[in-house]
Each structure stands twice: as structure tokens, then as C-alpha cells.
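Engineer: Please see the structure below; I have some questions.
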Amino acid sequence: MVSALEQYDPQIFELVRQESARESSVIRLIPSENYVSRAVMQASGSCLTNKYAEGYPGKRYYEGQQVTDLIERLAQERAKKIFKADHANVQPYSGSVANLAAYAALIEPGEMIMGMSLTDGGHLTHGWNVSLSSRFFKSVSYPVNPETGRLDYDHIADMAKKHKPRIIISGATAYPREIDFEIFGQIAKDVGAYHVSDIAHIAGLVVAGLHKSPVPYADIVSSTTHKTLRGARGGMLLCKTEHADKVDRAVFPGLQGGPHMHTLSAIAVALAEADTPEFVAYARQIVKNAKALARKLMEYGFKLMSDGTDNHLILIDLRNKKVAGKKVAKALDRARIVCNYNTIPGDTAPPANPSGLRMGTPAITTRGMKEDQVEQIATSINKVVENIDNESVIEDVAREMLLLCSQFPVPGHFIIPNQKNPDWMHAEDDITQRLF
Ligand code: DSN
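Read left to right, the sequence shown gives residues 1206 to 1641 (this note's numbering).
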């Protein structure tokens, strides 16, 4: 059957097909990426993309909201239930907008925010100097302890007393350890600041009860919906009732127009998926896999920030391997192992070519990979680093990784690599179209 996309726009169809083949035929270790279910994919590609729904359920600025109101209320209720929050706003287009909305809900432009330094694992929107979050607000950044690679709560408390920020942000994009949100709440309280917690990376682990939730200790919790939570790409805000109106006004009309209802519907589906014992088992396996990856790489002499992980990701310090992050990330990509180069705390190398690599296990765990496969991947990573200038070894690893991928299909995709012919050079041309 020829699809409408194939018929109308063969160029885009072909590129979608290639991306589907690429996603299926690589080991995806970018910790912020995942594979959504077919149900999430279906909602995301539905007619809800056609509908404008500015406002909130029962208070919209366009008519014809009989269905959208029901969908958004379902998404809100599901988010409130799984995060045990008083209020949920499921409209933010992304985590960045959600963070800006959280700040705008609580403080005025020009007041100060304090978040984790980008180079130590924080996010751009936690007040880093190239982000609008540091132009609209004054900002100061706290580091991690470069010796331990861990947050130093006493130091953060001292910085809070010295700078007196109006908001203290907890949460990270490249921090492998559990964050004590209760202490952050206390530090904020002690200096009369609000506490905003960004759990974009670990939301799935929080829902599964594996990491302590910041909901009781934060004024506003911000998250994306597509990392460990495994939903369509978007953002959300959770808060106590006292901040609900301010949060809603900051999202719409403060920063956004109409919500993307197709995304919002797909997020609602993912929130239902996350409210299951299967999801808890999935989240547990993410952490087991990350620990196995850390353990095996350390056996190969890799230096890991904080010497391990409590969550879904690891940060590798490559300095003892005498090779830069970008070169390794690119060689691994050629070997069908996709990760990202990353700064490490105290890095003196430039951010465009830092000394570290960031890797995570949410996506490979969705494919059903467990510790055995993770150890094989770690062995392959070591092989690439040890043979960084030997393209023939890199090609061998790529073949092995393609074979591994062929044994663990990606849910949600309609194209997978041909299992009978895992020849990496021709994989994109030689694929089997199969519904599963
Ligand atoms: N850029 C995302 C990440 O990869 O962690 C966060 O926004």
C-alpha cells in the first residue's frame, strides 16, 4: 500500500524512511532520547494537529473545544496522579519554555536565579550566559565539587546566603547522581527563595519511585516529557495549588499561544503508560543498565564522574585516554553507537570540543536490552577508543552493533534493518518494511 506521504512527497517520505532505518540500526545512548510507543506515535500524528485551543479547558478563545477540553483534562489528571501534584500544566512546548514560565510565574525580570553551571551539568535555561534566562533574569551558577563530581550542598547553601537569589533551581542535564530535593527546598527556604526543580531527565525514575520526588519540596517542578518519561516531545509544569493560576498565566498568554494538541494528546497516552507496573520495571532496568555500563567501562580503565551512577546516565572523563570528546563521539557514531560529547566538571577544554562523553540507557532499555547487551556495548566502546584511528576496527564494531540492533526491534517504527543481511554499509538501502 502506498501511503499518502509517499505519494504526495516522496522526498520527505524517503527521508523519514531513512531516519527510521537509522534509529533502528544504531545503539542510541543519548540520555535525553528514547523511543515512544506506537500508541504515542499515533496520537502524535493525529487530527489533533488541526485544532487551535488557546486558553485552558472550559476557558478557551476559540469554539469547537468539545474534544480538546476532554483530552487536556485527561492529561492534567494523569500528570497529577503519577507525580502526586496539586496542579499540572501540560501545555509547554518544551522544557526550555517550561523553565522560563516557571521563573516568570514566581519573580520579576531583573531578579536573580541560581542554577547549576552548564559546564558542570546544568541546563542552558538554568541561567547560563548565552540563554535568555540570564538576560531576563540576573543569574549565578553553582558548580559541582570537581574532586567528587557531586553536588556540594554546603557550598550551594553558602552561595545562596551570599547572593540571595529569588529562585534556586535544582535539577540537571548531565549529573549521574541522585539529587536531594529536600535539601534544596531547605536551602531555598533559609534564604527566602523559591525552589524550582527541573526533572526533565529523571521524570521517569521519579514516577517509578526510584528517585525521591521534588514535588513536596519545590514550588514548581518543571519537566520535559520525552526522556526517561518516554512520551512525545514537550514540557510540563507541576505545582502547589497556591501557584496554579500564576503558572497557567505564565504559560498562556505569558509565553505561548495555542497548545499543540496532537503533542498534548500523545503526552496523555505516555502518562497512562507510565502509570503501569511495566513502566516501573522498565525504569528499574534503565538504572540497572546504566550501572552495568558504568561498571564495565570502569573495568576498562575509563574514569567516570563521581565513579558511577544512580540514574540513567554516565559522564566519562576521557582525559586519561588522551583523546578529546568530539573525536570519540564521531568515531562511535561511525561504529553505530550514538552519544554526545560533553563538558565535565572543571573542564579546561572548550565546550565545542570538551573532555567528556555523556551516555544514557533509556532508549536501549526500551528496545529490551539488558546487562549482557550493555556489557557488549561497553566492550565495543572500549574497542573504538583503543583503535580510534583504525577505520577497519570501527567498521567491524559497526557490523556487530547492527547485528545487535537487529535482535532488538524498536517499538513504534515501521521499518527495521533486514535481519538476514546485517551488512552495515548497505543497511539503509536494504531494509525490510514490517509492521510490528
Ligand atoms: N538538550 C537536552 C539534553 O540533551 O539533555 C536538554 O535540553
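All residues carry an ideal CB built from backbone N, CA and C; glycine is no exception.
DSSP three-state call for VAL1579: helix, strand or coil?
Structural biologist: Helix.
Engineer: Using 8 Å as the cut-off, classify the Cβ of LEU1329 as near or not near the heavy atoms of the ligand COA, replying yes or no.
Structural biologist: Among the ligands modelled here, namely the ligand DSN, the ligand COA does not occur.
Engineer: Say the cut is 8 Å; is the CB of LYS1445 nearer than that to a heavy atom of the ligand DSN?
Structural biologist: Incorrect: LYS1445 has no Cβ contact closer than 8 Å to the ligand DSN.
Engineer: Looking at the structure shown, is LEU1253 part of a helix, part of a strand, or coil, going by DSSP?
Structural biologist: LEU1253 falls in the helix class under three-state DSSP.
Engineer: Is any heavy atom in the ligand DSN found nearer than 8 Å to the beta carbon of GLY1320?
Structural biologist: It does not: the Cβ of GLY1320 is nowhere closer than 8 Å to a heavy atom of the ligand DSN.
Engineer: Distance, Cα to Cα, MET1466 vs PRO1236?
Structural biologist: Roughly 26 Å separates the two Cα atoms.
Engineer: Report, in whole angstroms, the separation of the C-beta atoms of PRO1297 and GLY1439, which I expect to be a contact under 8 Å.
Structural biologist: At roughly 7 Å, the Cβ-Cβ gap stays under 8 Å, so PRO1297 and GLY1439 are in contact.
Engineer: Which of the three DSSP states is assigned to ASP1274 in this structure?
Structural biologist: Three-state DSSP puts ASP1274 in a helix.
Engineer: From GLN1391 to ASN1547, what does the alpha carbon distance come to, in whole angstroms?
Structural biologist: Roughly 31 Å separates the two Cα atoms.
Engineer: Please classify ARG1435: is it buried, with 16 or more other beta-carbons within 10 angstroms of its beta-carbon, or exposed?
Structural biologist: The residue is buried, with at least 16 neighbouring Cβ atoms inside 10 Å.
Engineer: Taking the alpha-carbon of VAL1598 as reference, which of ALA1536, SER1402 and LYS1367 has the nearest alpha-carbon?
Structural biologist: Selected option, being the one with the closest Cα: ALA1536.
Engineer: Taking a contact to mean a Cβ-Cβ separation below 9 Å, would you say GLY1300 touches THR1330 in this structure?
Structural biologist: Yes, these two residues count as a Cβ contact at 9 Å.
Engineer: Can you tell me whether ALA1292 is buried or exposed, with buried defined as 16 or more other CB within 10 angstroms of its CB?
Structural biologist: According to the sequence shown, residue 1292 is His rather than Ala. So HIS1292 ends up on the buried side.
Engineer: Among the residues of its own chain, which have a CB less than 8 Å from the CB of LEU1502, if the five just before and after it don't count?
Structural biologist: These residues qualify, in order along the chain: LEU1509, ILE1519, ILE1521, ALA1583, ILE1586 and ASN1587.
Engineer: Going by beta-carbon coordinates alone, are MET1574 and VAL1231 separated by less than 9 Å?
Structural biologist: It is not a contact, given that the beta carbons lie outside the stated cut-off.
Engineer: Would you decide whether TYR1213 is buried or exposed? Buried here means 16 or more other CB atoms lie within 10 Å of its CB.
Structural biologist: Exposed, by the Cβ-count rule.
Engineer: DSSP three-state call for GLN1638: helix, strand or coil?
Structural biologist: For GLN1638, the pLDDT reaches just 34, beneath the cut-off of 50, and the residue's location in the model is therefore unreliable, although a value from the coordinates is still provided. If DSSP states are grouped into helix, strand and coil, GLN1638 belongs with the strands.
Engineer: Which stretch, first to last residue, makes up the beta strand (DSSP E) that contains ALA1258?
Structural biologist: No beta strand (DSSP E) holds ALA1258; DSSP gives it neither H nor E.
Engineer: Go ahead and label HIS1360 buried or exposed: buried means 16 or more other beta carbons lie within 10 angstroms of its beta carbon, across all protein chains shown.
Structural biologist: So HIS1360 ends up on the exposed side.
Engineer: How long is the line joining the alpha carbons of ASP1552 and THR1324, rounded to whole angstroms?
Structural biologist: ASP1552 and THR1324: Cα-Cα distance of roughly 8 Å.
Engineer: Quick check: the Cα distance between PRO1464 and VAL1349, rounded to an integer number of angstroms?
Structural biologist: Looking at the two C-alpha atoms, the distance is approximately 36 Å.
Engineer: Distance, Cα to Cα, ALA1473 vs ILE1372?
Structural biologist: Each residue's Cα considered, the two are about 29 Å apart.
Engineer: Measure the alpha-carbon distance for TYR1266 versus LYS1256 and round it to whole angstroms.
Structural biologist: Straight-line Cα distance between these residues: approximately 12 Å.
Engineer: Among residues of its own chain, excluding the 5 on either side of SER1338, which ones have a beta-carbon nearer than 6 Å to its beta-carbon?
Structural biologist: Hits under 6 Å: THR1330 and GLY1332.
Engineer: What residue range does the beta strand (DSSP E) around MET1564 cover?
Structural biologist: First-last of the beta strand (DSSP E) with MET1564: 1561-1565.
Engineer: Is ALA1405 near the ligand DSN, in the sense that its beta carbon is under 8 Å from a heavy atom of that ligand?
Structural biologist: For the ligand DSN, at least one heavy atom lies less than 8 Å from the Cβ of ALA1405.
Engineer: Specify which residues have a beta carbon nearer than 5 Å to any heavy atom of the ligand DSN, listing them in chain order.
Structural biologist: Having a Cβ closer than 5 Å to some heavy atom of the ligand DSN are SER1237 and THR1378.
Engineer: Using C-beta distances below 6 Å, list every residue in its chain close to SER1322, excluding the 5 sequence neighbours before and after it, in chain order.
Structural biologist: Counting only Cβ-Cβ distances below 6 Å, and skipping sequence neighbours, we find SER1346 and PRO1348.
Engineer: Suppose you measure from the CA of GLN1247 to the CA of GLY1315; what does that come to, to the nearest Å?
Structural biologist: Their backbone Cα atoms lie some 43 Å apart in a straight line.
Engineer: Tell me, please, which residues DSSP counts as bridged to CYS1444.
Structural biologist: According to DSSP, CYS1444 bridges with HIS1292 and ILE1425.
Engineer: Starting from the N-terminal side, write out each stretch of the alpha helix (DSSP H) that is 4 residues or longer and does not extend beyond the segment 1314-1382.
Structural biologist: List check, alpha helix (DSSP H) in window: 1358-1368.
Engineer: Does DSSP put ASN1239 in a helix, in a strand, or in coil?
Structural biologist: Coil, per DSSP.
Engineer: Give every residue of the same chain whose Cβ lies closer than 6 Å to the Cβ of ASP1515, excluding the five residues on either side of it in the sequence, and list them in chain order.
Structural biologist: Once the five neighbours on either side are set aside, the close Cβ partners of ASP1515 are ARG1382 and GLU1383.
Engineer: At what residues does the beta strand (DSSP E) containing SER1402 begin and finish?
Structural biologist: From DSSP, the beta strand (DSSP E) with SER1402 extends over 1399-1403.
Engineer: Let's test the definition: count the other Cβ atoms within 10 Å of the Cβ of PRO1567 and tell me whether it reaches 16, buried, or not, exposed.
Structural biologist: Flag for PRO1567 reads buried.
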